[in-house]
Amino acid sequence: MKINFFKVPKIKQFSYKPRYYQEIEERGGFSIPKHQLRGYTLRKKWENMRKSNRKPEVSSNRLFWIILLLLLLTTYYFFDFNLSSLLRK
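20 is the number that my numbering gives to position 6 of the sequence shown; each next residue is one higher, with no gaps.
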């Protein structure tokens with residue numbers, strides 16, 4: 015038995031096909047169309063829902079500037095920064 019410390023064995027894919035299962039008979043003639051089973055449709059629906067629920071970035075940008083202004087003003091207040099030097103001409 016050969017031991018490899020650096021190589022990881024590949025995972026073998028297992029596909030199970032039952033011997034005595036007929037899909038149409040078990041479901042009573044009803045079967046789900048393949049295009050509904052694919053992950054593509056779910057992915058597209060999820061993407062469309064995300065796009066429809068997006069809010070414009072203007073409000074978040076405005077909120078950022080308001081928070082930044084408040085933080086600056088509080089630091090000026092706590093450190094007793096003299097604003098008259100900035101407003102002097």
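A virtual CB, placed ideally from N, CA and C, is assigned to each residue, including glycine.
This structure is a prediction, so every number in the text was calculated from the model and none was measured.
The beta carbon of residue 95 sits closer than 8 Å to the beta carbons of 89 from its chain, once the five residues preceding and following it are set aside; these are given in chain order.
Non-local C-beta neighbours of residue 40 in its own chain, meaning closer than 7 Å and more than five positions away in sequence, are absent. Distance between residue 30 and residue 55, taken at the CA atoms: about 25 Å.
Looking at the backbone, the Cα of residue 79 and that of residue 87 are separated by about 12 Å. Inter-residue distance for residue 64 and residue 82 is about 29 Å (C-alpha atoms, whole angstroms).
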